[in-house]
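Quick note: the sequence shown uses my numbering, first residue 5, plus one each step.
We treat Cβ as the ideally placed atom computed from N, Cα and C, and that holds for glycine.
Remember, it's a predicted structure, so these values are computed and weren't measured experimentally.
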Amino acid sequence: MKHKPQRNEAPFAYEGLDRVIHERARLSILTSLVTHPKGLTFADLKQLCALTDGNLSRHLTVLENAGMVEIAKGVDKNRSLTTCRITAIGRKRFLGYLSTLEQVVQDAAQAATPAKATGHVARLAPSEG
């Protein structure tokens, strides 16, 4: 069994950066859906995320297979209507992802803060700087 490092052993591993979410289009889709809990039509989601039909469809399939979104197809005024909603699992995974992302931002901000404010200096190895 492989040893999984603890946060204090590997503080910059960020295990919570979910690979399913950590992609620009899927991050945009989930952000749109989490802010619209009743769901969005395919057309509205396409516009909000600036995606083509094919790209949106492909990314929605990935998210649906991961159980993060549900897609309902129906008819409205004799026109097909596709509605997308974030699932409870999707919301939980997305919020966990955001929590990890907040830690990334805090760590980077702390490293960028001048030594005067923090009392210490983050140093790079000569080959890194």
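Whose C-alpha, out of the options, is nearest the C-alpha of residue i?
| i | options | result |
| --- | --- | --- |
| residue 65 | 14, 25 and 115 | 25 |
| residue 98 | 83, 15, 16 and 33 | 33 |
| residue 75 | 118, 58 and 67 | 67 |
| residue 46 | 14, 69 and 83 | 83 |
| residue 92 | 41, 13, 23 and 14 | 41 |
| residue 14 | 81, 111 and 96 | 111 |
If you drop the 5 nearest sequence neighbours on each side, which residues of the same chain put their C-beta closer than 8 Å to that of residue i?
| i | result |
| --- | --- |
| residue 37 | 43, 44, 49, 73, 88, 89, 90 and 94 |
| residue 108 | 18 and 21 |
| residue 53 | 29, 32, 33, 36 and 60 |
| residue 101 | 20, 21, 22, 25 and 26 |
Give me the DSSP bridge partner(s) of residue i.
| i | result |
| --- | --- |
| residue 85 | 78 |
| residue 90 | 73 |
| residue 45 | 87 |
Please work out which residues of its chain come closer than 6 Å, Cβ to Cβ, to residue i, disregarding the five sequence neighbours upstream and downstream, and give them in chain order.
| i | result |
| --- | --- |
| residue 77 | 86 |
| residue 105 | none |
Alpha carbon to alpha carbon, what distance is there between residue j and residue i?
| i | j | result |
| --- | --- | --- |
| residue 60 | residue 29 | 8 Å |
| residue 35 | residue 27 | 12 Å |
| residue 57 | residue 16 | 36 Å |
| residue 71 | residue 62 | 15 Å |
| residue 55 | residue 103 | 26 Å |
| residue 81 | residue 69 | 29 Å |
| residue 39 | residue 96 | 14 Å |
For residue i, I'd like the list of residues in its chain whose CB is within less than 7 Å of its CB, leaving aside the five on either flank, ordered along the chain.
| i | result |
| --- | --- |
| residue 79 | 85 |
| residue 117 | none |
Just to confirm the assignment, what range does the alpha helix (DSSP H) spanning residue i have?
| i | result |
| --- | --- |
| residue 17 | From DSSP, residue 17 is part of no alpha helix (DSSP H); its letter is neither H nor E. |
| residue 38 | 28 to 38 |
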